[in-house]
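Reviewing the structure listed below.
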Amino acid sequence: MSDIPPLRPLLIERPEDEGAETPATVPPVPDLDIAVPPPRLSRARNSALTRFAMWVFGALFSFVLSVAAWDFVTSLLARDSLLGWIAMVLVGLAIVTAVALAAREMAGFARMGRIDSLRTNAIEAALKADVKAARGVVSGLGALYSARPELAEAQVRLTARGAEMFDADGILGLAEQELLGPLDQAARREVEAAARQVATVTALVPLALADVATALYSNLRMIRRIAAIYGGRSGTLGSLRLMRGVFAHLAATGALAVGDDMIHSVAGGSVLSRISRRFGEGVVNGALTARVGVAAIDVCRPLPFRTLPRPKTSNLVSRALAGLFADADRNEKVK
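Be aware that the sequence shown starts at 1, since it is given in UniProt numbering, and climbs by one per residue.
Below, the structure is given as structure tokens:
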């Protein structure tokens, strides 16, 4: 027999990792309040067949309408010259009005396209660290807001300090602070006012569909005002395209869901437990309006958020509805 001891399996005890994450210790998933690149506001180019079909049907409609108006005026002239001349003047005024409306819509689309171009150029300049492109974006912003007297001093400071900077991020950040900072504050006030209005009507007006009508009207007006604040004022068709872009951005960011945590953070669980269901619905509708407002700011802003903080939906809702539910809580205590 050999003196060599028999071989045995080697056991190595693995020390427990006290810092290992378990399902119980992993923190909850945070609210995704991230800045997703917004869709372009300017109209996308359609296919050749679609453009040809639109041209054909538009020409046919215009031709039929023109012939009908011509027959109407000539028949009135043959019947009574006074009525014929009145009809001719009215038709002429209608044509002038239609041309003016079309020009306004085209100008609105041009402004939205201009904002799209500035945002795209700013993103490219920041990615490539192109100082020349960044200065071009700043020049475009200056031209866009040249007629805004409240930004005159900011433009002077931007011109003086921008000449001393030689990196793209610094130039764009300075432009964002000087020009877009005051506009962001104005846009936040619009969002808070719209959220408060929607929440108040939902909570206090018992009429059926009144909250729906108020929410639609308030959201459309809020989006148009935010667009006007950032220089993208549009007409009727432009507003519809703008709203479509805002809701497309909402769908892309998944920002249409409102959880109970937001409701409790705004109004407080103790208050909601004592007030009616209508106040809870008011909080939800106000929070949804605030989310639409944040998406509108992302879509209408000519520069992406880089230096300045992006508005938080919870902060906007808290500021907009804190006084409303404080009053409700005070009334409940009095009763």
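Ideal placement from N, C-alpha and C gives every residue a C-beta, glycine not left out. Because the structure is a prediction, the values reported are computed rather than measured.
Coil, strand or helix - residue i by DSSP
i, result
"residue 336", "The question about residue 336 has no answer, for the chain in this structure spans 1 to 335."
"residue 369", "The requested residue 369 does not occur in the structure, where the chain is confined to residues 1 to 335."
"Tyr217", "helix"
"Asp80", "coil"
"Leu93", "helix"
"Ser234", "coil"
"Leu303", "coil"
"Asp130", "coil"
"Leu209", "coil"
"Leu49", "helix"
"residue 338", "This structure gives no information on residue 338, because the portion of the chain shown stretches from 1 to 335."
"Ser146", "coil"
"Ala163", "coil"
Beta-carbon proximity check, residue i vs residue j, cutoff 9 Å
i, j, result
"Arg104", "Gly282", "no"
"Pro304", "Ile115", "no"
"Leu174", "Gly162", "yes"
"Leu242", "Arg224", "yes"
"Ala147", "Pro182", "no"
"Leu316", "Leu180", "no"
"Thr313", "Arg291", "yes"
"Ala320", "Val191", "yes"
"Pro302", "Tyr230", "yes"
"Ala168", "Asp130", "yes"
"Gly108", "Arg233", "yes"
"Arg196", "Glu178", "no"
"Ala126", "Arg310", "no"
"Ser239", "Ala248", "no"
Buried/exposed call for residue i, threshold 16 Cβ in 10 Å
i, result
"Asn331", "Below a pLDDT of 50, predicted positions are generally treated as unreliable, and Asn331, at 47, falls in that range; no measurement from the model is reported."
"Asp184", "buried"
"Thr202", "buried"
"Ile86", "exposed"
"Leu288", "buried"
"Thr214", "buried"
"Gly259", "Low per-residue confidence applies at Gly259: pLDDT is 48, beneath 50, and the placement is therefore not dependable enough to give any value."
"Arg51", "exposed"
"Phe279", "buried"
"Ser270", "Unreliable placement is indicated for Ser270, whose pLDDT of 41 sits below 50; the coordinate value is still reported in the next sentence. Answer is exposed; the Cβ neighbour count stays below 16."
"residue 336", "Because the chain is modelled from 1 through 335, residue 336 falls outside the range shown and cannot be assessed."
"Pro206", "exposed"
"Leu141", "buried"
"Glu176", "buried"
"Asp298", "buried"
"Ala98", "exposed"
"Leu90", "exposed"
"Arg79", "exposed"
"Leu151", "buried"
Closer than 9 Å to chain C by CB, residue i
i, result
"Val317", "Any reference to chain C falls outside this structure, which holds one protein chain only."
**Request:** May I ask you to verify whether the segment 127–138 touches the segment 84–101, counting CB pairs closer than 8 Å and requiring at least 3?
**Result:** With a cut-off of 8 Å, the segment 84–101 and the segment 127–138 do not count as touching, because too few Cβ pairs lie within range.
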